[in-house]
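Step one of this worksheet: look at the structure below.
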Amino acid sequence: MIEFRSLTEADFLMLCEWLNSPHMRAHYQKTPITIEEVQGKYSERLSPSHPTHCHIARYNGETFGMLQCYSLRNYPDFASEIGEQDGVAVDLFIGEERFIGKDFGKAMLRSYVLNVVPSIFPQECFICHAKENKIAIRGSLSAGFLPYRDVIERGVESLLLSFDRPI
Ligand SMILES: CC(C)(COP(=O)(O)OP(=O)(O)OC[C@H]1O[C@@H](n2cnc3c(N)ncnc32)[C@H](O)[C@@H]1OP(=O)(O)O)[C@@H](O)C(=O)NCCC(=O)NCCS
């Protein structure tokens, strides 16, 4: 069973290590990031009034990944790139390399969009992946997302998917 808790300041060192891991370079954190930059970027997201809500995922007491959700209305540039003005978007990564490729990605995403996101945002949920990020796309499909449209995100050919919420 995967559990979620809000990101805290005590997570910043771990987060910095995760973001600088080699497996994060291709799609999520394309350039190295310093601890000062992590603090600068994520400190403000600790406030419940910030439009982006960050969560840490745990399994068996071990922290292994991070997810965030945010209302598209607060990010008009991204909203315009993906052609959706309303709704919520989710990003995710597995920080601990030993958890990669063992079904944790798709499991944490499904649990997050079913159990955490609706308690913060009621709107339709989207996720966007670079077309080249085939593992992320497969994982999101397995988590219950459906292909929605092709988009260009920051110059990269990408696939927007929407969550097919069970009735
Ligand atoms: C994307 C990510 C969250 C997926 O999590 P994961 O635990 O590695 O992936 P899963 O084990 O859940 O597998 C997801 C799918 O990819 C497939 N897959 C996993 N590793 C694979 C590999 N090395 N080669 C081919 N397919 C692979 C799985 O079989 C599964 O497909 P299926 O459901 O059709 O069987 C994780 O790899 C990650 O954090 N990547 C770096 C950050 C990133 O790219 N984030 C997404 C951008 S928002």
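For the sequence shown, this note's numbering assigns the number 9 to the initial residue and increments by one for each residue that follows. Each residue gets a CB set at the ideal place from its N, CA and C atoms; glycine is no exception.
At least one heavy atom of ligand 1 sits closer than 6 angstroms to the Cβ of F101. In the three-state reduction of the DSSP assignment, E161 falls in the strand class. Here S119 really is in contact with I10; their C-beta atoms are around 5 angstroms apart, less than 8 angstroms. Sequence-distant partners of E92 (beyond 5 residues in either direction) whose C-beta falls short of 7 angstroms from its own C-beta, in its chain, are L80, F134.
A straight-line Cα-Cα distance of about 7 angstroms links H35 and N141.
Of the heavy atoms belonging to ligand 1, none sits nearer than 6 angstroms to the Cβ of A87.
Here DSSP, grouped into helix, strand and coil, assigns Q93 to coil.
Straight across, the Cα-Cα distance linking E70 with F12 is about 11 angstroms. The beta carbons of G103 and G147 sit no closer together than 7 angstroms. The DSSP-derived three-state label of F112 is helix. Residue side-chain check: R118 keeps its Cβ at 6 angstroms or more from all non-hydrogen atoms of ligand 1. The Cβ-Cβ distance between A151 and L117 falls below 7 angstroms. Ranked by Cα distance from K38, the first of I145, R173, L168, R162 is R162. Within the region 39-102, the alpha helix (DSSP H) runs of at least 4 residues that lie entirely inside it are, in chain order, 43-50, 84-90. Judged by DSSP secondary structure, A151 falls within the alpha helix (DSSP H) whose first and last residues are 142-151.
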